[in-house]
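First comes the structure, then the notes that go with it.
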Amino acid sequence: MLSCPPDLQSLARLFWHEEMASSVRHHVRNKLSSIRNSAFYLRKKVEETSLPQQDPRVPQFFDLIDTELEGCAAALTMQLPPVGQNAPLDLLALTAGLVKRLTFPPETSVELMAGESPPAEGDLSELELALFFVFEYAVSRKAGSLRVSAGRPTEQEALLELSGLLLPGPSTPGLRVSKRIASRWGGRLEEERNGSGEWQATLYLPRRVTPP
Amino acid sequence: MTERRVLLVDDEDSLRLTLAANLELEGFVVTEASSGAPALELAKRQPFDLVLTDIRMPGMNGVELYHQLRELHPRLPVVLMTGFALEELVTEALESGAYTVLSKPFNVEHAISVLKQAVRAPAVLVVDDQDRVAAMAAEGLEGFGLRARSARGMSEALSELKAGDVDLCVIDMLLGEGATGPELLERLREQRPGLSVIAMSGQNTPSLVRQMATMGMHSFLKKPFAIRELVRSIAVARRTATAL
C-alpha cells in the first residue's frame, strides 16, 4: 500500500468523511423512497374508502408524510461547492511533485513523460490527493509499472493519463474520492481497459482552475 | 388498454416491493429483479416495454445493465434511478441515451407520469430551416438509440407533430422567411400544450432566448454543440416532463 504524504492526511480525512456522508445519504434516500412509495400506495387504497370524508386528518397526514419526506431529502443535498476556473493548471508538474513525496513498492516503477504547460499556481492539494488515490489504487492492484503522461492540453482541458497492467478489481473508496474531487474541480476521472487488458485512468480537468 | 410490461431492477427489497405495488396500481405488469445479471437474463427471455433500474447495485451497475440491454434491444426505453445526488454514472447515463434518470426519493405520481410517457418510446422532433442540420441532428440522436425525426421549418414541424408520437421538440431560433422559434413554439403548443422544448441557435439571439425561456423552454444550446450535449439535455428535460 502507498502511504499518504503527511501534508495531505488532514485533507484525506475530510474527503473520507464526505465519502461516508455520501454513503449515508444514499442509504437514507433509499429508505425514504420506500416510505414514500408505501404512503402513496396506502393513500390510494384509503381513497377507495369513506375514511377521508369521515376524518379529514387522514388525507392531511398523508400530505404531511410526503412534505416531511421531501424536507428530509432536501436536507441531504449539501455538497462541497464546485471550484472556479481561472488560473492555468499543469497536471504533470503537480504529479511530479506528488511522486517525489511517495514511496512506491520496489517492484513498481513510475515513468513520467514531459508535458508543455506553465507551472501550477495556488493550493492544488485536493488534486494531489485525487492523484494519490489513483496511484494507491494502481499499486494495490499489483501494477508492475505505471506510466504517467500529460496529454497535450486542448483549449478546454488538461489531461493526465495513468496506465499499467493491473489485476481487475472493484472500485475503492479512494478512487471514488478521486472521482468526487475531479467532479468538484469541473472535470472527471475515467477508467477503462484496453484490448490487452491494460488499465488506463484518465483525469480530465479544465485548462484553468481557481484553487479553493 | 395495452399491457405495459416493466422490468424493475433494484437491490433494495423494500423499495422494489413498494414501487412494484404502485406501478401495478397504475396498470403496469411488473417483473422484478434484484440485480443486473438476472435482469439481463429476463430481458433475453421475455419482452418488456420499459426497464426501470437503480444505478448503484452490487455487481453490474445500472448503467452497465443499460448498455447491455441496448445491445439486446436498441429501442427499449430505460429509466434509471439514483440515491446519489452527484455521480459520474448519472452523467454517463444521461449522455448515453437512457430515457432519463430519476432522483430518489421521487414523487411517485410524477415518476409514474414519466414512466407512462417513456413506455410509449416517444420521438424527438428536430426543427431547423436547414434540412441538412435538422437531419444530421436527428440521425445523431438515432445513433444514441433515441427515436428522432427532422422537419424543415414551421409547416413541416406542425404536420410532423400531428403524427402524435413526439414528446419533445428541438427548435432553431431562426427558421427562415422571418419565422422564429417562439412563433413555432406557440403554434406547436396549440396542438400539444405540454410539449417540452429545447432551443438552439448559431447566432446571437438574446431576446428570442428570453422569450423562449418565458414560454417554458427547457434549455438552450449554442451551435455548434456535440450530439452528446443534446442527448443529455433531452434526458434531463424528460425527467421533468409530464405525460402528454
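Listed in order, the protein sequences are those of chains A and B. Throughout, the working numbering is defined as the position within the first sequence, counted from one, plus 114. Throughout, the working numbering is defined as the position within the second sequence, counted from one, plus 921. The C-beta atom is built at its ideal place from N, Cα and C for all residues, glycine as well. This one's a predicted model, so the numbers in the text were calculated from it and none came from an experiment.
Residue range of the beta strand (DSSP E) that residue i falls in?
i                 : result
valine 1090/B     : The sequence shown places cysteine at residue 1090/B, not valine. First-last of the beta strand (DSSP E) with cysteine 1090/B: 1087-1093.
methionine 1057/B : Element bounds for methionine 1057/B: not the beta strand (DSSP E) but the alpha helix (DSSP H), 1052-1064.
alanine 315/A     : 312-320
serine 259/A      : 259-263
serine 164/A      : Premise fails: serine 164/A is in no beta strand (DSSP E) and is neither H nor E.
Is there a Cβ of chain A sitting closer than 8 Å to that of residue i, yes or no?
i                : result
alanine 942/B    : yes
glycine 1004/B   : yes
glutamate 1150/B : no
glutamate 985/B  : no
serine 935/B     : yes
arginine 977/B   : yes
valine 1157/B    : no
proline 1026/B   : yes
threonine 939/B  : yes
Flag residue i as yes if its beta-carbon sits less than 8 Å from any beta-carbon of chain B, otherwise no.
i              : result
arginine 143/A : yes
arginine 150/A : yes
proline 233/A  : With a pLDDT of only 49 at proline 233/A, under 50, the local geometry of the prediction cannot be trusted, and the value read off the model is given with reservation. Proline 233/A does not count as touching chain B.
tyrosine 155/A : yes
leucine 245/A  : no
serine 147/A   : yes
alanine 207/A  : no
In the DSSP assignment, the alpha helix (DSSP H) including residue i goes from what residue to what residue?
i               : result
tyrosine 251/A  : 239-254
tyrosine 155/A  : 120-161
alanine 188/A   : 171-189
leucine 1036/B  : 1029-1039
arginine 290/A  : 287-298
leucine 280/A   : Careful: leucine 280/A lies outside any alpha helix (DSSP H) and carries neither H nor E.
threonine 209/A : 205-214
Are the CB atoms of residue i and residue j nearer to each other than 8 Å?
i                 : j                 : result
valine 1022/B     : valine 1011/B     : yes
glycine 278/A     : tryptophan 313/A  : yes
arginine 261/A    : glutamate 225/A   : yes
tyrosine 1020/B   : valine 999/B      : yes
leucine 125/A     : glutamate 240/A   : yes
valine 1118/B     : methionine 1138/B : yes
glycine 957/B     : leucine 986/B     : yes
leucine 208/A     : glutamate 184/A   : no
leucine 1067/B    : isoleucine 976/B  : no
isoleucine 1033/B : glutamate 947/B   : yes
valine 253/A      : leucine 122/A     : no
Contact defined as beta carbons within less than 8 Å: I believe residue i pairs with residue j. What is the distance between those atoms, to the nearest angstrom?
i                   : j                : result
arginine 1041/B     : leucine 1082/B   : Actually they do not touch by this definition, with Cβ atoms about 15 Å apart.
serine 152/A        : threonine 1161/B : The Cβ separation is near 25 Å, so there is no contact.
leucine 997/B       : lysine 965/B     : Going by Cβ atoms, the distance from leucine 997/B to lysine 965/B rounds to 12 Å, so no, they are not a contact pair.
methionine 1133/B   : leucine 1106/B   : 7 Å
threonine 952/B     : leucine 963/B    : 6 Å
leucine 317/A       : leucine 280/A    : With a Cβ gap of about 16 Å, leucine 317/A and leucine 280/A do not count as contacting.
phenylalanine 969/B : arginine 926/B   : 5 Å
Quiz item: Which parts of the stretch 1098-1157 of chain B are runs of the beta strand (DSSP E), unbroken and 3 residues or longer, counting only runs that do not cross its ends?
Solution: 1117-1122, 1140-1143
Practice problem: Taking only runs that begin and end inside the stretch 932-967 of chain B, name each unbroken alpha helix (DSSP H) of 4 or more residues, in chain order. | Solution: 934-946, 957-966
Quiz item: Considering only residues of the stretch 973-1026 of chain B, which uninterrupted beta strand (DSSP E) runs meet the minimum length of 3 residues and lie entirely inside it, listed in chain order?
Solution: 999-1003, 1021-1024
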